[in-house]
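Trainee: There's a structure below that I have some questions on.
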Amino acid sequence: MTVVSKRILVTGGAGFLGSHLCEALLERGHDVLCVDNYFTGRRANVAHLLGHANFEVIRHDVTFPLYVEVDEIYNLACPASPVHYQHDPVQTTKTSVHGAINMLGLAKRLRAKILQASTSEVYGDPVVHPQTEDYWGNVNPIGFRSCYDEGKRCAETLFFDYHRQHDLRIKVARIFNTYGPRMHPDDGRVVSNFIMQALAGAPITIYGEGRQTRSFCFVSDMIDGLIRLMETPDDFTGPVNLGNPVEMTIRELAERIVSLTGSRSELVFRPLPTDDPVQRRPEISLARKVLGWEPDVTLERGLEATVAYFARLRAELGGDAHRALNGEAG
Ligand code: NAD
Ligand code: UDP
180 MTVVSKRILV TGGAGFLGSH LCEALLERGH DVLCVDNYFT GRRANVAHLL GHANFEVIRH
240 DVTFPLYVEV DEIYNLACPA SPVHYQHDPV QTTKTSVHGA INMLGLAKRL RAKILQASTS
300 EVYGDPVVHP QTEDYWGNVN PIGFRSCYDE GKRCAETLFF DYHRQHDLRI KVARIFNTYG
360 PRMHPDDGRV VSNFIMQALA GAPITIYGEG RQTRSFCFVS DMIDGLIRLM ETPDDFTGPV
420 NLGNPVEMTI RELAERIVSL TGSRSELVFR PLPTDDPVQR RPEISLARKV LGWEPDVTLE
480 RGLEATVAYF ARLRAELGGD AHRALNGEAG
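Have a look at this one:
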């Protein structure tokens, strides 16, 4: 199959998902422009791509307008972990909302196709289980998670209004918990926390009793899903759930990681954060039908690759991965 080379903008391109996406798009022969303000992303995530003739990086905050020429936009810019997005909640909402307005405005001027990295958080603490795309969610508008949840919900609204009002070609992916190499070791997310703790032989911090559930998708599956979504016919907008439907409790995840790493870490229980969703599992029939997509990487294989990444990072940074990486944050 011949691939037509396109000029593609990836906002948040130096982050965890963004860096893998840039890599995958370059491999497919496209010109990739990565835009990032390095709030949670790292230059090191894309350093290996800098010599590539079709790759370019711009340091830029998407809450300000951007003037570039591209054919497609993947809008990923936004801190994703609760620790990071609650650090400066006003900036988080601005990034989602002003960032969406700026990127949609750019897409409108260029008549470019634009994909939004939305989230399972639009379902809040869901009372429908598993979550289907037609569920409107159960979201606290004034809580600690609201800057992220409501910011992402408003971004979805903007995407659909630009589509209806300006005939813009849009794609909305609702991404469920995704993990893998290049997650930030300090981002406070459960997979990175548990692996870093297990490798250090430190206590594994389970919030609450660990009976809340999540479903974890490996990064390569997610990137494949996002690219397939972008390539769907123009009349398909989504929203579409992307995630791995294998659901487990947080306690089970902790036990899997302890056993996989052969760690002697003990499990300790800490208070549950406010509004922490009790259950989460994607219903992915729509993605199966329209994208011909479903996750392929088992939790065991995905965790092995992620553990290997964090072990390397610890070795490279002399065990003090946290301090070294935080020093780099822009
Ligand atoms: P990440 O924090 O690693 O990446 C986000 C990137 O956006 C970082 O590189 C950060 O520096 C950049 N960024 C933040 N604010 C910016 C701004 N104002 N201007 C420019 N760049 C900015 O997180 P991730 O896990 O790679 O998430 C990427 C996207 O996917 C996010 O939009 C997130 O909401 C969405 N998502 C991720 C998950 C997941 O489990 N990883 C789940 C649901 C949704
Ligand atoms: N969690 C935990 N220990 C940790 C970090 C997270 O028990 O050290 C729990 C957290 O309370 C939540 C789940 O793991 O129930 C997933 O948390 P994460 O921050 O990764 O993502 P999200 O809550 O956004 O799904």
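Per the working numbering, the sequence shown starts with residue 180, numbered consecutively. Ideal placement from N, C-alpha and C gives every residue a C-beta, glycine not left out.
Can you tell me the Cα-Cα spacing of Ala433 and Gly481, whole angstroms?
Mentor: Roughly 15 Å separates the two Cα atoms.
Trainee: Leaving aside the five residues before and after Leu451 along the sequence, list all residues of the same chain whose C-beta is less than 7 Å from its C-beta, in chain order.
Mentor: Once the five neighbours on either side are set aside, the close Cβ partners of Leu451 are Tyr386 and Gly387.
Trainee: Does the distance from the CB of Leu229 to the CB of Ile402 come in under 8 Å?
Mentor: No. Outside cutoff.
Trainee: Taking the continuous beta strand (DSSP E) assigned at Leu188, which residues delimit it?
Mentor: Residues Arg186 to Thr190.
Trainee: Just to confirm, are Leu164 and Ala286 a CB contact at a threshold of 8 Å?
Mentor: Residue 164 lies beyond the range of the chain shown here (180 to 509); nothing can be said about it.
Trainee: Please report the straight-line C-alpha distance between Tyr488 and Val370, rounded to a whole angstrom.
Mentor: Cα to Cα, Tyr488 sits roughly 12 Å from Val370.
Trainee: Which residues in the same chain as Phe195 place their Cβ atom closer than 6 Å to its Cβ, once the five residues preceding and following it in sequence are excluded?
Mentor: The answer, listed in chain order, is Arg361 and Met362.
Trainee: Can you give, in chain order, each stretch of the beta strand (DSSP E) that sits fully within the region 406-454 and has at least 3 residues?
Mentor: 419-421, 426-428 and 446-449, all fully within the region 406-454.
Trainee: What residue does the alpha helix (DSSP H) around Gln270 start on, and which one ends it?
Mentor: Where Gln270 is concerned, the enclosing alpha helix (DSSP H) stretches over Pro268 to Leu289.
Trainee: CA-CA distance, Val276 and Ala379?
Mentor: When rounded, the distance between both Cα atoms is 38 Å.
Trainee: Give the DSSP bridge partners of Cys396, in chain order.
Mentor: Paired residues: Thr357.
Trainee: Would you say the beta carbon of Leu228 comes nearer than 7 Å to a heavy atom of the ligand UDP?
Mentor: No, Cβ of Leu228 sits at least 7 Å from all heavy atoms of the ligand UDP.
Trainee: Quick check: is any heavy atom of the ligand ADP less than 7 Å from the C-beta of Gln458?
Mentor: This structure does not include the ligand ADP; its bound ligands are the ligand NAD and the ligand UDP.
Trainee: Measure the alpha-carbon distance for Glu235 versus Arg222 and round it to whole angstroms.
Mentor: If you take the alpha carbons of Glu235 and Arg222, they lie about 12 Å apart.
Trainee: Taking one C-beta from the region 420-436 and one from the region 453-465 each time, how about it: are there three or more such pairs within less than 8 Å?
Mentor: Segments in contact, yes.
Trainee: Take Val511 as the anchor and find which of Pro320, Asn254, Thr357 and Pro382 has the nearest alpha-carbon.
Mentor: Since the first residue of the chain shown is 180 and the last is 509, residue 511 is not available in this structure.
Trainee: Figure out for me which residue from Val351, Gly303 and Ala193 has the closest Cα to the Cα of Val318.
Mentor: Val318 has its Cα closest to that of Gly303, out of Val351, Gly303 and Ala193.
Trainee: Skipping 5 residues on each side, what residues in its chain have a beta carbon closer than 8 Å to that of Asn505?
Mentor: Note that Asn505 scores 47 on pLDDT, short of 50, meaning its location in the model is unreliable and no value can be drawn from it.
Trainee: Is the distance from the Cβ of Ala279 to the Cβ of Phe338 below 8 Å?
Mentor: The answer is yes: Cβ separation under 8 Å.
Trainee: For the beta strand (DSSP E) that contains Lys292, what are its first and last residues?
Mentor: Run containing Lys292: Lys292 to Thr298, per the beta strand (DSSP E) assignment.
Trainee: Can you find at least 3 beta carbon pairs, one from the region 290-297 and one from the region 349-358, that sit closer than 8 Å?
Mentor: Yes, the region 290-297 touches the region 349-358.
Trainee: For Gly208, list the residues DSSP reports as bridge partners.
Mentor: Paired residue(s): none; Gly208 is not in a bridge.
Trainee: Pull up the DSSP beta-bridge partners for Tyr302, would you.
Mentor: Per DSSP, none; premise fails for Tyr302.
Trainee: Select from Arg459, Tyr358 and Glu335 the residue whose C-alpha is nearest the C-alpha of Glu483.
Mentor: Of the candidates Arg459, Tyr358 and Glu335, the one whose C-alpha sits nearest the C-alpha of Glu483 is Tyr358.
Trainee: Taking the alpha helix (DSSP H) that Asn224 falls in, what are its first and last residues?
Mentor: Segment Arg222 to Val225, the alpha helix (DSSP H) holding Asn224.
Trainee: Expressed to the nearest angstrom, what Euclidean distance is found between the alpha-carbon atoms of Leu492 and Arg343?
Mentor: Taking the straight line from one Cα to the other gives about 46 Å.
Trainee: Assuming Glu426 and Ser394 are in contact, meaning their beta carbons sit under 8 Å apart, how far apart are those beta carbons, in whole angstroms?
Mentor: Sure, about 5 Å apart at Cβ, within 8 Å.
Trainee: Start and end of the alpha helix (DSSP H) containing Tyr341?
Mentor: Where Tyr341 is concerned, the enclosing alpha helix (DSSP H) stretches over Ser325 to His345.
Trainee: Less than 8 Å separating the beta-carbons of Val214 and Ile187?
Mentor: No.
Trainee: Grab the span of the alpha helix (DSSP H) containing Thr384 for me, first residue to last.
Mentor: Looking at the DSSP string, Thr384 is not in any alpha helix (DSSP H); the run it does join, the beta strand (DSSP E), is Ile383 to Tyr386.
Trainee: What residue range is occupied by the uninterrupted alpha helix (DSSP H) comprising Tyr264?
Mentor: Note, Tyr264: alpha helix (DSSP H), Pro261 to Tyr264.
Trainee: Consult DSSP for Gln391 and reduce its assignment to one of helix, strand or coil.
Mentor: Three-state DSSP puts Gln391 in coil, outside helix and strand.
Trainee: From which residue to which residue does the alpha helix (DSSP H) around Tyr253 run?
Mentor: Note, Tyr253: premise wrong, no alpha helix (DSSP H); beta strand (DSSP E) at Glu251 to Asn254.
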